[in-house]
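Here is the structure we will look at.
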Amino acid sequence: MRRRKVPVTTGARQNLERFNVLPVADAESELLTCCASRRWAAAVAGGRPFGDPAALLAAAARELAGLDWQDVLEALEAHPRIGERVAGQDRESAWSRGEQSGMDAAAAELRAAMIEGNRAYEARFDHVFLICATGRSAAEMLGRLQARLGNDEDTERAVVRDELAKIVELRLTKLLNEPRPAKDDAGLAETTGDAV
1 MRRRKVPVTT
11 GARQNLERFN
21 VLPVADAESE
31 LLTCCASRRW
41 AAAVAGGRPF
51 GDPAALLAAA
61 ARELAGLDWQ
71 DVLEALEAHP
81 RIGERVAGQD
91 RESAWSRGEQ
101 SGMDAAAAEL
111 RAAMIEGNRA
121 YEARFDHVFL
131 ICATGRSAAE
141 MLGRLQARLG
151 NDEDTERAVV
161 RDELAKIVEL
171 RLTKLLNEPR
181 PAKDDAGLAE
191 TTGDAV
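If you want it as structure tokens, here you go:
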């Protein structure tokens with residue numbers, strides 16, 4: 001699948017430089033906010049240093065494509081159902097709320113249909129319905145869910161992998177573009193859990 005061009009700000013290079021020198025556990029923790037597969041996070045963190053943001057995005061996509069299905073399922077566990085109110089003040093919760101903002105103005109009838117669709121999907125495929133919700137309306141997401149209920153398991157797994165790849169790319173780009181805390185004396189971002 002052809003990926004969309006994701007904008008990267010000038011601050012992304014500085015954030016990438018910080019990310020390149022983080023301790024492995026901290027780098028993996030940052031990556032897990034983008035994709036909850038521990039194998040993926042370890043592989044991407046182990047590929048540092050990256051010369052530029054595009055190299056990080058390419059490595060992330062490559063490692064994601066190589067995950068086995070159990071690793072994909074681990075990643076899916078971190079994704080809330082479309083239409084659920086996402087609680088929490090952490091980065092990942094905030095991103096999920098923003099990504100699913102197309103559901104915010106949905107009528108009660110459409111919300112009920114999404115809840116029912118989520119149940120049917122999970123009963124059929126035994127995992128959460130995943131779609132890159134950014135920029136999609138509630139009606140569009142419901143339509144995609146209903147259409148995908150007709151997929152066989154192999155087809156749906158391919159669609160899920162593709163949707164996960166889109167989400168990971170967007171989240172990595174957000175991570176790279178986030179404003180960072182002030183620098184400490186060593187010139188690195190202070191360790192606050194938000195540094196990349």
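Take the sequence shown: its letter number 73 is residue 73 in full-length UniProt numbering, and every next letter is one higher.
Built from N, CA and C at the ideal position, the CB exists for glycine as well.
All values derive from a computational prediction rather than experimental measurement.
Exposed unless 16 or more other CB atoms sit within 10 angstroms - verdict on residue i
i: Thr155; result: exposed
i: Gly46; result: exposed
i: Thr192; result: Below a pLDDT of 50, predicted positions are generally treated as unreliable, and Thr192, at 39, falls in that range; the measurement from the model is reported next regardless. Exposed is the call here.
i: Glu30; result: buried
i: Arg119; result: exposed
i: Arg136; result: buried
i: Gly83; result: buried
i: Arg62; result: exposed
For residue i, three-class secondary structure by DSSP
i: Leu142; result: helix
i: Thr9; result: coil
i: Gly47; result: coil
i: Leu137; result: Correcting the residue type first, residue 137 is Ser in the shown sequence and not Leu. Note: Ser137 maps to coil in three-state DSSP.
i: Glu77; result: coil
Residue i and residue j closer than 8 Å at C-beta
i: Leu176; j: Cys34; result: no
i: Ala25; j: Leu32; result: no
i: Thr134; j: Leu170; result: yes
i: Val168; j: Leu22; result: no
i: Arg13; j: Asp52; result: yes
i: Arg180; j: Asn15; result: yes
i: Thr172; j: Ala60; result: The identity of residue 172 in the sequence shown is Leu, whereas the question assumes Thr. Going by C-beta atoms, Leu172 is nearer than 8 Å to Ala60.
i: Ser37; j: Leu56; result: no
Run of the alpha helix (DSSP H) containing residue i, from where it starts to where it stops
i: Leu110; result: 108–125
i: Ala61; result: 53–65
i: Leu176; result: 153–177
i: Ala36; result: Taken as a continuous stretch (DSSP letters only), Ala36 belongs to no alpha helix (DSSP H), as it is neither H nor E.
Near the ligand GDP: residue i beta-carbon under 7 Å from a heavy atom
i: Glu140; result: You won't find the ligand GDP in this model; it holds no ligand whatsoever.
Checklist entry - Hey, is the segment 145–159 in contact with the segment 118–126, meaning 3+ C-beta pairs nearer than 8 Å? => result yes
Item to check | the segment 106–120 / the segment 62–76 touching (three or more Cβ pairs under 8 Å) | outcome: no
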